[in-house]
Amino acid sequence: MNTLFLKADSAGVKSAADLLANGEVVALPTETVYGLAGDATLESSVHKIFAAKERPSFDPLIVHVSSEILKHPNGPLKALVNQGILDSSILTWPHKESIEKSMSHFWPGPLTYVLPRGSRIPGAVTSGQSTVGIRMPSHPLFQAVLRQISFPLAAPSANRFGRISPTTAEHVKAELQNRIAGILDGGPCSVGVESSIISILNPLKITLLRPGKVSKVELEEYFQVPVGVQQTLGEQNQAQLAPGMLDQHYAPKKPLLLIPEPFDLAKDLPVQIKVANLSGKAAFLSQGPIPSELIAALNGEVHVLSSSSSLDEAAQNLFSEMRKLDEREDIHFIVADLPTEHSSGLAAAIADRLNRASINKPLRK
Ligand code: TXA
Ligand code: MG
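Here it is, written out as structure tokens:
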């Protein structure tokens, strides 16, 4: 299949919308990462998404909805129920108003809600589960496409299964060229890591399934209830696993050694490299600037995610730097450190993605 490269203008948006209305799949930019979109209500489109990504059918997709939903006179939940995206049972939940208000607060933006699935969403989207992940992306191009079609869009990250998520149209091309109908080029993504995912149950119980820019603390402050965190990786039945919860995810092809904290780089790193049986030239992926004597001790090259130690910048650059290093033939393995700050959403998200990409997985929840 010949992949069309579409520009970020009204003609590009229209072509993307036309392809989607014809049941094709098209990569679209979101504020987090590029998504591979298809009609969420059409089983054949959903199958095309799974096939292009080589994604196993047990890993459910997120459904992306238009920001027009926030303007519905009876509120976003009623709008989602009317459109067959959510099940009407949610309208009887005692906490429905608080959920609804939170949607107006966090949307459009990088937060996905896992809620009871409506009848218009086929089981193929949700891997047969009775819940569906829903998100309203804030990217203007994604929203412009949604305004031109009459169905929501299922869209996982536009990478082959288990690989690094794409944050530019070039990354999507490298992953999926000639497997999908089109790529709409919206430039680099502003957030850089995937949305936070929460599941909400009745009676009110909120669990953070995947860390993202919206943090656990922010959610607790907003909802005024404790927010649980999905338990340790790999300890659950895969069919029920949420959010990229597979151990091997976001992975470069090269070994990535993640250094735990606290850590004396100059003294401990050579030991760790030896224990992990790594040899050859290393690239050090650093959250911020590191002292020059350490650079010398590392005997490799240093790639700084943010020279001002900004988490926003580090998150924006994380996947593209990992991808660059992965493509370099003269580099044999990657060493990475963790954000020094722990409480913010982006710090948790960066730590989570690095941990999943690493061979040593130093973080345990
Ligand atoms: O930021 C994002 O969320 C990006 C952009 C494109 O919107 N999308 C994304 O999709 O990261 P994906 O497929 O790479 O990751 C979605 C995760 C999956 O790993 C899946 O397990 C989880 O969301 N998920 C989807 N529906 C779910 C459900 N009903 N219950 C539990 N987890 C669900
Ligand atoms: Mg993904």
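Those letters in the sequence shown? Residues 10 to 374, by our numbering.
Glycine is no exception: its CB is placed at the ideal position from the N, C-alpha and C atoms.
Since this is a predicted model, take the numbers as computed values, not measurements.
Check	Outcome
Pairwise C-alpha distance: Leu267 and Ala285	11 Å
Secondary structure of Lys214, DSSP reduced to three states	strand
According to DSSP, residues forming a beta bridge with Ile192	Phe14 and Ala36
Helix, strand or coil at Leu2 [DSSP, three-state]	Nothing can be reported for residue 2, as the shown portion of the chain is limited to 10 through 374.
Which of helix, strand or coil DSSP assigns to Pro279	helix
C-alpha distance - Gly93 paired with Pro82, whole-angstrom precision	17 Å
For Phe293: DSSP bridge partner residues	Val311 and Val344
Ser205 burial status per 10 Å Cβ neighbour count (16 or more: buried)	buried
Cβ contact (3+ pairs, closer than 8 Å) linking the stretch 316–333 and the stretch 289–298	yes
Residues sharing a beta bridge with His148, DSSP	For His148, which the question treats as bridged, DSSP gives no partner whatsoever.
C-beta atoms of Gly201 and Thr176 nearer than 8 Å	yes
7 Å CB neighbourhood of Gln245 in its chain, flanking five on each side removed	The predicted model places Gln245 with a pLDDT of 42, which falls under 50 and marks its position as unreliable, so this point remains unresolved.
Leu242 in three-state terms, based on DSSP	At Leu242, the pLDDT of 45 sits below 50, so the modelled position is not reliable; the number obtained from the coordinates is stated separately. Coil, per DSSP.
When Asn91, Thr41 and Pro161 are compared against Ile143, the one with the closest alpha-carbon	Pro161
Ser128 in three-state terms, based on DSSP	coil
Counted within 10 angstroms of its Cβ, other Cβ atoms place Asn8 as buried (16 or more) or exposed	Nothing can be reported for residue 8: it is not among the residues displayed for the chain, which extend from 10 to 374.
Chain-order list of residues whose beta-carbon lies under 6 Å from that of Lys283 (same chain, five-residue window excluded)	none
For Gly221, the three-state DSSP class (helix, strand or coil)	coil
For Ser97, the residue or residues it bridges with in DSSP	Looking at the DSSP assignment, Ser97 forms no beta bridge with any residue, so it has no partner.
Any non-hydrogen atom of ligand 2 within 7 Å of Ser166 CB	yes
Through-space distance from Ala291 to Lys262, alpha-carbon basis	14 Å
Near ligand 2: Ser174 beta-carbon under 7 Å from a heavy atom	yes
Outcome for Val234 when other beta-carbon atoms lying within 10 angstroms are tallied against a minimum of 16	exposed
Near ligand 2: Glu184 beta-carbon under 7 Å from a heavy atom	no
Proximity test, Val141 beta-carbon vs ligand 1 heavy atom, cut-off 7 Å	yes
Neighbourhood of Gly32 by C-beta distance below 7 Å, restricted to the same chain and skipping five residues each side	Asp48, Leu51, Ser53 and Ser54
Those residues which DSSP pairs with Ile209 across a bridge	Ile215
Near ligand 1: His73 beta-carbon under 7 Å from a heavy atom	yes
DSSP-derived helix/strand/coil call for Gly171	coil
Beta-bridge partners of Thr176, as assigned by DSSP	Beta-bridge pairing links Thr176 to no other residue.
Residue interval of the alpha helix (DSSP H) (run including Gly354)	Gly354 to Ala366
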